[in-house]
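Residue numbering for the sequence shown follows my numbering, beginning at 49 and increasing consecutively. Below: one structure, written as structure tokens.
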Amino acid sequence: MAIHELKLTEIKIPLTHVEGESDSFGKAKITAGQSVFYVKENMMSSSEPGYPSPLEAFLSGLVGCEIIMFQMFASQLDLLGKFNMRVVADGEFEMGIGLKKLNIKYIIKGLNLDEARALLEMVKQSCPVYSTIRKSGVVIEESLVVE
Numbered sequence: 049m050a051i052h053e054l055k056l057t058e059i060k061i062p063l064t065h066v067e068g069e070s071d072s073f074g075k076a077k078i079t080a081g082q083s084v085f086y087v088k089e090n091m092m093s094s095s096e097p098g099y100p101s102p103l104e105a106f107l108s109g110l111v112g113c114e115i116i117m118f119q120m121f122a123s124q125l126d127l128l129g130k131f132n133m134r135v136v137a138d139g140e141f142e143m144g145i146g147l148k149k150l151n152i153k154y155i156i157k158g159l160n161l162d163e164a165r166a167l168l169e170m171v172k173q174s175c176p177v178y179s180t181i182r183k184s185g186v187v188i189e190e191s192l193v194v195e
């Protein structure tokens with residue numbers, strides 16, 4: 049199947065549920081499905097290993113969603129396992145405003161430029177996390193590197 053023949057199928061996304069609770073050590077325990085992780089505010093000091101800040105967790109959701117969507121579409125085209133994708137995201141946040149600017153760099157090895165562009169466009173059109181950010185009016189700067 050060629051990339052231009054791939055049709056986006058309508059996928060129903062179930063209700064997403066996450067819970068959090070504070071602890072007495074300045075961290076928040078987050079339960080997401082069967083996963084448990086902790087976040088800690090690291091704005092004023094260097095990050096403590098093992099505890100991303102809430103803003104890092106936010107950007108991690110974007111990066112993870114885009115990679116999973118890219119793999120999902122690649123699988124439908126029998127390209128899964130034939131490439132490696134890395135996504136680097138830098139967000140500029142402001143207190144009381146939130147995310148102001150987002151820089152995303154996509155680095156793809158193993159696909160040609162046309163394949164990478166086509167798959168990436170499908171991801172950007174369908175990824176719920178990316179769509180939420182884009183529709184909020186955040187300035188998004190992107191670059192694609194094919195190695």
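Cβ atoms here follow ideal geometry from the backbone N, Cα and C, with glycine treated the same way.
- Of the listed residues Met117, Gln119, Phe118, Asn90, nearest to Ala105 (C-alpha basis): Asn90
- Does the distance from the C-beta atom of Ile115 to that of Val135 stay below 8 Å? yes
- Message: Suppose you measure from the CA of Glu163 to the CA of Ser179; what does that come to, to the nearest Å?
- Response: 21 Å
- The alpha helix (DSSP H) spanning Met133 covers which residue range? Segment 132–142 is the beta strand (DSSP E) holding Met133; no alpha helix (DSSP H) there.
- Query: Anyone know if the C-beta pair for Lys75 and Gly68 falls short of 8 Å?
  - Reply: no
- Reference Gln173, options Met143, Phe131, Phe118, closest by Cα: Phe118
- Message: Give me the DSSP bridge partner(s) of Gly74.
- Response: According to DSSP, which records beta bridges pairwise, Gly74 is partnered with nothing at all.
- Where does Thr79 sit, in a helix, a strand or coil, going by DSSP? strand
- Message: So, at 6 Å on beta carbons, what are the nonlocal neighbours of Ile152 in its own chain, with the 5 sequence-adjacent residues on each side left out?
- Response: Ala137, Glu190
- By how many angstroms is the C-alpha of Phe73 removed from the C-alpha of Ile61? 35 Å
- Between Lys153 and the ligand NAP, is the CB less than 7 Å from at least one heavy atom? As far as ligands go, the structure on display features none, and thus does not contain the ligand NAP.
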